[in-house]
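Novice: I have a structure I would like to understand better, so I am pasting it below and will then ask my questions one at a time.
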Amino acid sequence: MSFQLSILKILAGQPDGRGNLELIKLHLAVFYTSGPEWTLRMKRLAELAPDLDAFSQGLITRERGAWTITNQGRDFLAKLEEAALGATPAIRPPDPAEPVEVEQASPIAPPAAASLPKVLERSHGGMSRSLLNYVGSTLPE
Numbered sequence: 027m028s029f030q031l032s033i034l035k036i037l038a039g040q041p042d043g044r045g046n047l048e049l050i051k052l053h054l055a056v057f058y059t060s061g062p063e064w065t066l067r068m069k070r071l072a073e074l075a076p077d078l079d080a081f082s083q084g085l086i087t088r089e090r091g092a093w094t095i096t097n098q099g100r101d102f103l104a105k106l107e108e109a110a111l112g113a114t115p116a117i118r119p120p121d122p123a124e125p126v127e128v129e130q131a132s133p134i135a136p137p138a139a140a141s142l143p144k145v146l147e148r149s150h151g152g153m154s155r156s157l158l159n160y161v162g163s164t165l166p167e
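Structural data, given as structure tokens:
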């Protein structure tokens, strides 16, 4: 469950709420290797949503080459984070039988190879230089 919450969080932070698999993998690698805080935070959120299945419940849609967070996904994530702050009882994901509202979004472009490591370095100042070098070396030219 915490893995699905991580994907929801990553998509919620992207322009148009969309991301391709490479972008999601890159963010997951950064978050899960930058210290225990992210893992602990996702575990705490997952405890509040034990029945979460983000894909079948319509919180994330899968399209060719990209995943998109839905409005229901954004609402669910906001309620879940609010509950985590106030120690509210478990939050139920939306019923998969209800219609899913999908946002229309523009096609995504892969991140610019030159700009991505700078963004990561600025966002995660404590990140090791070796991880930045690894991430930079895995980006397409």
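Following our numbering, the numbering of the sequence shown begins with 27 at its first residue and continues without gaps.
All residues carry an ideal CB built from backbone N, CA and C; glycine is no exception.
Going by the CB atoms, is the gap between LEU37 and ILE86 shorter than 8 Å?
Specialist: The residue you call residue 86 lines up with position 60 of the sequence shown. The residue you call residue 37 lines up with position 11 of the sequence shown. Yes, they are a contact pair.
Novice: What would DSSP say about THR96, mapped onto helix, strand or coil?
Specialist: On the sequence shown, position 70 is the one that residue 96 refers to. It is coil, neither helix nor strand.
Novice: Using the Cα positions of TRP93 and LYS51, report the straight-line distance between them to the nearest angstrom.
Specialist: Stepping through the sequence shown from its first residue, residue 93 is reached at position 67. Stepping through the sequence shown from its first residue, residue 51 is reached at position 25. The alpha-carbon atoms of TRP93 and LYS51 are separated by roughly 12 Å.
Novice: Run the CB neighbour count on SER82, radius 10 Å, all protein chains shown included, and call it buried at 16 or more, exposed below.
Specialist: Counting from one through the sequence shown, the residue named residue 82 turns up at place 56. Exposed, since its Cβ has fewer than 16 Cβ neighbours within 10 Å.
Novice: Taking 8 Å as the cut-off, decide whether the C-beta atoms of ALA104 and LEU74 are in contact.
Specialist: Counting from one through the sequence shown, the residue named residue 104 turns up at place 78. Counting from one through the sequence shown, the residue named residue 74 turns up at place 48. No, Cβ-Cβ distance for ALA104 and LEU74 is not below 8 Å.
Novice: Is the distance from the Cβ of LEU31 to the Cβ of MET68 below 8 Å?
Specialist: In the sequence shown, the residue the question calls residue 31 occupies position 5. In the sequence shown, the residue the question calls residue 68 occupies position 42. A contact, by the Cβ cut-off of 8 Å.
Novice: Using CA atoms only, rank isn't needed, just tell me which of GLN40, GLY61 and PHE29 is closest to THR96.
Specialist: The residue labelled residue 96 in the question sits at position 70 within the sequence shown. Residue GLN40 is the option with its Cα nearest to THR96.
Novice: Using only alpha-carbon positions, find the residue among PRO62, ASP101, GLU63 and LEU34 that is nearest to LEU49.
Specialist: On the sequence shown, position 23 is the one that residue 49 refers to. The residue with the shortest Cα to Cα distance from LEU49 is LEU34.
Novice: Are the C-beta of THR87 and some C-beta of chain D separated by less than 8 Å?
Specialist: Absent here is chain D; the protein component of the structure consists of one chain.
Novice: Would you tell me roughly how many angstroms separate the C-alpha atoms of GLN98 and ASP77, rounded to the nearest one?
Specialist: Stepping through the sequence shown from its first residue, residue 98 is reached at position 72. Stepping through the sequence shown from its first residue, residue 77 is reached at position 51. When rounded, the distance between both Cα atoms is 15 Å.
Novice: On the three-state DSSP scale, how would you describe ILE45?
Specialist: Here residue 45 corresponds to residue number 19 of the sequence shown, with the count starting at 1. A small correction: the amino acid at residue 45 is Gly; Ile does not occupy that position in the sequence shown. In the structure shown, GLY45 sits in a strand (DSSP, three-state: E or B).
Novice: Considering only C-alpha positions, which residue in the set PHE102, LEU66 and SER60 is nearest to ALA80?
Specialist: Here residue 80 refers to the residue found at position 54 when the sequence shown is read from its first residue. When each option's Cα is compared against that of ALA80, the closest is PHE102.
Novice: How many angstroms separate the CA atom of LEU142 from the CA atom of ARG70?
Specialist: Sequence index remark: in the sequence shown, residue 142 carries index 116 (1-based). Sequence index remark: in the sequence shown, residue 70 carries index 44 (1-based). The predicted position of LEU142 is uncertain, since its pLDDT is 44 and thus under 50; no value can be drawn from it.
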